[in-house]
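S.K.:
Structure below.
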């Protein structure tokens with residue numbers, strides 16, 4: 004399953020970022036990876052889906068969601084971060100496995 008547009012993935016933890024990228028690429032997704040919102044903000048408009056680590060500063064998460072303008076987003080959360088009520092935002096609780104992230108991406112793709 005090849006993705007014509009990238010999944011923009013933002014996580015400050017390098018190990019988490021590598022794991023996410025490896026999993027998504029193994030399932031045919033094209034991934035662009037960033038460790039900060041600042042580095043990624045110009046690419047969010049080109050993204051099919053955003054994957055955001057909930058460990059990013061809250062201001063970065065809010066800025067990303069605001070600029071994304073309703074773009075489909077997977078938000079990886081350590082606990083309740085209050086984003087589940089937003090349209091097109093799917094919250095996935097950590098710890099997560101490869102199939103968890105792929106299931107979330109596929110669910111967002113189906114809800115277009």
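In this note's numbering, the protein residues as written are 4 to 115.
Even glycine gets a Cβ: it sits at the ideal position worked out from N, Cα and C.
Quick check: the Cα distance between residue 36 and residue 19, rounded to an integer number of angstroms?
M.R.: Taking the first residue of the chain shown as position 1, residue 36 is located at position 33. Taking the first residue of the chain shown as position 1, residue 19 is located at position 16. Each residue's Cα considered, the two are about 11 angstroms apart.
S.K.: Looking at the structure shown, is residue 78 part of a helix, part of a strand, or coil, going by DSSP?
M.R.: Translated into the one-based positions of the chain shown, residue 78 becomes position 75. Reduced to three states, the DSSP call for residue 78 is strand.
S.K.: Is there contact here, the region 20-28 with the region 62-74, by at least three beta-carbon pairs under 8 angstroms?
M.R.: Cβ pair count under 8 angstroms is below three, so no.
S.K.: Where are the beta strand (DSSP E) runs, 3 residues long or more, that stay fully inside the region 37-75, in chain order?
M.R.: If we require 3 residues or more, the beta strand (DSSP E) runs fully inside the region 37-75 come out as 52-56.
S.K.: Taking the alpha-carbon positions, what's the residue 81 to residue 94 distance?
M.R.: The residue given as residue 81 occupies position 78 in the chain shown. The residue given as residue 94 occupies position 91 in the chain shown. C-alpha separation (whole angstroms): 10 angstroms.
S.K.: Would you list the residues sitting across from residue 105 in a DSSP beta bridge?
M.R.: Here the question's residue 105 lines up with position 102 in the chain shown. Note: residue 105 sits in no beta bridge, so no partner.
S.K.: Based on DSSP bridge pairs, tell me the residues matched to residue 35.
M.R.: Along the chain shown, read from residue 1 onward, the residue named residue 35 stands at position 32. Note: residue 35 sits in a beta bridge opposite 11.
S.K.: Taking the C-alpha atoms as reference points, what is the distance between residue 100 and residue 30?
M.R.: Counting from one through the chain shown, the residue named residue 100 turns up at place 97. Counting from one through the chain shown, the residue named residue 30 turns up at place 27. Approximately 14 angstroms, taken between the alpha carbons.
S.K.: Can you tell me whether residue 111 is helix, strand or coil according to DSSP?
M.R.: Within the chain shown, numbered from 1, the residue matching residue 111 stands at position 108. Looking at residue 111 - three-state DSSP - the assignment turns out to be helix.
S.K.: To the nearest whole angstrom, what separates the beta carbons of residue 59 and residue 15, a pair I think is in contact under 8 angstroms?
M.R.: Position 56 of the chain shown, counted from the start, is the residue given in the question as residue 59. Position 12 of the chain shown, counted from the start, is the residue given in the question as residue 15. At roughly 6 angstroms, the Cβ-Cβ gap stays under 8 angstroms, so residue 59 and residue 15 are in contact.
S.K.: Tell me which residues share the same chain as residue 3 and place their Cβ nearer than 8 angstroms to its Cβ, disregarding the 5 neighbours each side in the sequence.
M.R.: The structure shown does not extend to residue 3, since the chain is modelled only from 4 to 115, so the question has no answer here.
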